[in-house]
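Take a look at the structure below.
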Amino acid sequence: MGQGHLVAHAASLEPEARDAFLAAAAAHPWGSLREALEHGATSGAPALRPPKCYTLGRQLNQNEEHNRVERMGQGLLAGGRVATLLLAGGQGTRLGYDGPKGMLEFGPDEGRTLYRIHAERIAASTERYGKPAPLYVLLSAATAATTRAAFDEHGEAWGLRPGQVRFLLQGTLPALDDAGRALIAAPGVLAEAPDGHGGAFQALADAGVLDELVEQGVDILTTFQVDNPLARPLDPVMLGWMVERRLQAIGKAVRKASPDEKVGVFARDLRGRTKVVEYSEVTADDDAADGADGADGAIESPLMLGSIAIHGFSVRFLQGLAREGDALRLHAARKKVTHLAPDGSRVVPEAPNATKLERFIFDLFPLAARAEVQEVKREWEFAPVKNATGIDSLMSSRVLVDAEVRRWHQTRDLPAPETAPALKPREMDGPR
Ligand code: UTP
């Protein structure tokens, strides 16, 4: 597999370290890694068309259809037929926060971390529907210890029931140099990184979670990301649509704020399968495609529906894929990776010098014969924390959450307009 240098490196180690090193190296899928490296970082799917999408208007319309679908979702929640998976294994390099992103103090009050915000939302669903939805948390070596400790210490105070949370550890993949050779981080240690949020699928299968969920009568597993405090993974409307349309997969989307907004976009490939294309993998050809079809989706461009990475999957669909041994494809990204040179000196690169390979959870979509997109309102559901400053930063996310909480107060929690005291505009607009 072109990794002979690892054998040479192993020979320089003490027997115990050598055995551990070779065992760790032998566990990686070298053939697939090479192949992914050779195919580069393109989506390989020209001529994308618009996805099947339920429009916001149709969903938000407080009509009989909407209410019926919502009631179906509520029935699933009350019947304990939904579980959710929080993806929290990322390294959060763009944010540069020292610790798992979920431990970030979001505010406004002390101790309100992203983990707490998500946990409280799940707990609110338990209160409302009377059944605790199992919460799985995907972790990597970088996030595992701190996250487990935080949930152990605070989980109950956040409203989670004993046994409601379970942790999954995702796998790692080696970083490769331009010749496809694995880099060595330290004597006896490969330079590795988490295998991407798509590693969730393998982690679920390996831990036997999918079989367990089927046995418990759980039909739908939703997934969401730690860095979106407005995520609503147990949204009864999304769940109801899945049942209504007999979907194996559903993904929430918002209109992209501008063509160059950095979110993956939903599309349909030539076989008619729904897929998500990463913003870094969209080609000029894709972007030029004319997507007007006026059907269910009624969208002007195929690449304007940005994914907010909240998905629902039929558990039996996932179980079937796991049984067939399906693996999600690998994506390549150029990164800076510190490593040892052959003479043992440490190399700290100033420019990307290596390829990291990752699996993406949304690559489950094209494997589903029945997958659709649910367009939702951006202000209600999407406030990502990706960067240290500027767009999609902690600051911009706080502003969005603040606005959403105001909306809740204005539309739901305040007394009916005829009895409400007149609100002075200043109070509404002032600081929290
Ligand atoms: P991102 O793609 O934004 O990556 O992850 P990240 O690691 O958080 O941040 P950067 O790119 O290094 O700045 C989106 C979501 O997927 C999870 C993250 O925790 C986040 O919730 N994720 C990402 C995983 O669970 N595992 C991974 O290997 C990668």
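One point on numbering: in our numbering, the residue at position 12 of the sequence shown is 140, and numbering is uninterrupted. Here a beta-carbon is modelled for each residue, glycine too, at the ideal position from N, C-alpha and C.
Q. Which residues count as close to the ligand UTP when the rule is a CB under 7 Å from any of its heavy atoms, in chain order?
A. Leu215, Ala216, Gly217, Gly218, Gln219, Gly220, Thr221, Arg222, Leu223, Lys229, Leu266, Ser268, Gln298, Pro322, Asp323, Gly324, His325, Gly327, Ala328, Gln353, Val354, Asp355, Ala437, Glu486 and Lys514
**Q.** Close beta carbons around Val391, own chain, < 7 Å, minus the five adjacent residues each side
**A.** Lys384, Tyr407, Gly434 and Ser435
Q. Can Gly327 and Gln298 be called in contact, C-beta distance under 8 Å?
A. yes
(Q) Which residue marks the beginning of the beta strand (DSSP E) containing Val354, and which one marks its end? (A) Counting along the chain, Val354 falls outside any beta strand (DSSP E), and DSSP gives it neither H nor E.
Q: Would you decide whether His246 is buried or exposed? Buried here means 16 or more other CB atoms lie within 10 Å of its CB.
A: buried
(Q) Determine whether the beta carbon atoms of Leu304 and Leu266 lie at a separation below 8 Å. (A) no
Q. Lys484 by DSSP, collapsed to three states: which one?
A. strand
Q: Measure the alpha-carbon distance for Arg289 versus Ala216 and round it to whole angstroms.
A: 20 Å
Q.
Taking 8 Å as the threshold (C-beta atoms), are Thr221 and Leu232 in contact?
A. no
Q.
As a quick exercise: from Gly316, Leu362, Leu311 and Met523, pick the residue whose alpha carbon is nearest that of Glu248.
A. Leu362
Q | For Gly130 and Ala138, the rounded distance between their alpha carbons | A | 15 Å
Q.
I'd like to know if the stretch 458 to 474 and the stretch 313 to 322 are in contact, where contact means that at least 3 CB-CB pairs between them fall below 8 Å.
A. yes
Q. Where Glu255 and His194 are concerned, what is the direct C-alpha to C-alpha distance, given to the nearest angstrom?
A. 23 Å
Q. Exposed or buried, what is Thr517 when buried is set at 16 or more other beta-carbons lying within 10 Å of its beta-carbon?
A. exposed
Q: Look up Glu428 in the DSSP assignment and say whether it is helix, strand or coil.
A: Residue confidence is low: Glu428 scores 45 on pLDDT, short of 50, so the model does not pin down where it sits. No coordinate-derived value is stated.
Q | Inter-residue CB distance, Leu492 and Ala460 (contact presumed, cutoff 8 Å) | A | That pair is no contact at about 19 Å.
Q | Cβ-based neighbour list, Ala164, same chain, cut-off 8 Å, excluding 5 preceding and 5 following | A | Arg457, Leu458, His459, Ala460 and Leu485
Q.
For Ile250, report the span of its beta strand (DSSP E) as first-last.
A. Counting along the chain, Ile250 falls outside any beta strand (DSSP E), though it belongs to the alpha helix (DSSP H) covering Leu242 to Tyr257.
**Q.** Per-residue DSSP class, three states only, for Ser386
**A.** coil
Q. With a Cβ-Cβ cutoff of 8 Å, do Pro236 and Thr275 count as a contact?
A. no
Q: For Thr300, write down the residues that DSSP places opposite it in a beta bridge.
A: Pro322
Q | Counterpart residues of Gly502 in DSSP-defined beta bridges | A | The question names Gly, but residue 502 is Gln in the sequence shown. Answer by DSSP bridge pairing, in chain order: Tyr182 and Lys380.
Q. According to DSSP, is Thr274 helix, strand or coil?
A. helix
Q.
Does Thr631 come out as helix, strand or coil in the three-state DSSP assignment?
A. This structure does not reach residue 631, given that the chain is present from 129 up to 560, and the question cannot be answered.
Q) Going by beta carbon distance, what residues of the same chain come within less than 7 Å of Val293, once the five residues before and after it are set aside? A) Leu263, Val265, Phe279 and Gly283
Q | Straight-line Cα distance separating Phe394 from Met432 | A | 8 Å
Q) If you compare alpha carbons, which of Asp471, Val476 and Ala450 is closest to Asp334? A) Ala450
Q) Pairing CB atoms from the stretch 339 to 353 with CB atoms from the stretch 438 to 452, are three or more of them under 8 Å? A) yes
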